[in-house]
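S.K.:
Residue numbers (this note's numbering): 2 to 120.
1) Excluding five sequence neighbours on each side, which residues of the same chain lie with their C-beta closer than 8 Å to the C-beta of residue 89?
2) I need the DSSP call for residue 67, collapsed to helix, strand or coil.
3) Quick check: what's the CA-CA separation for residue 66 versus residue 58?
4) Sorted by chain position, which residues of the same chain lie with C-beta nearer than 7 Å to residue 85's C-beta, five sequence neighbours on each side aside?
5) With C-beta atoms as the reference, is residue 99 less than 8 Å away from residue 25?
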């Protein structure tokens, strides 16, 4: 059975919100993985510093590994950690809004389909 034009538009909007939600979820997962990597690197630096040994850190630039200053690397990682946390918070809020919007649209669409007898 063919959906009436009004329902088609609402279904298209629902699909659009679903697609946007999937993109936000994927991006959040990527940021979470990147944040875990940064935090693991910071923990490793702390562990090495507390061992009392002289540590050497290398930074990758494309295919090259270049010796880097430990303090500079630690500061870069801490700055990156803060930026990632802010991005993650933003994405979580965006995800929650999109989920709410999706659920609301889906509910209205189901109600309209059942009341119109189109389903």
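Here a beta-carbon is modelled for each residue, glycine too, at the ideal position from N, C-alpha and C.
M.R.: With the structure as the only source:
1) 29, 32, 33 and 36
2) strand
3) 10 Å
4) 32, 35, 36 and 39
5) yes
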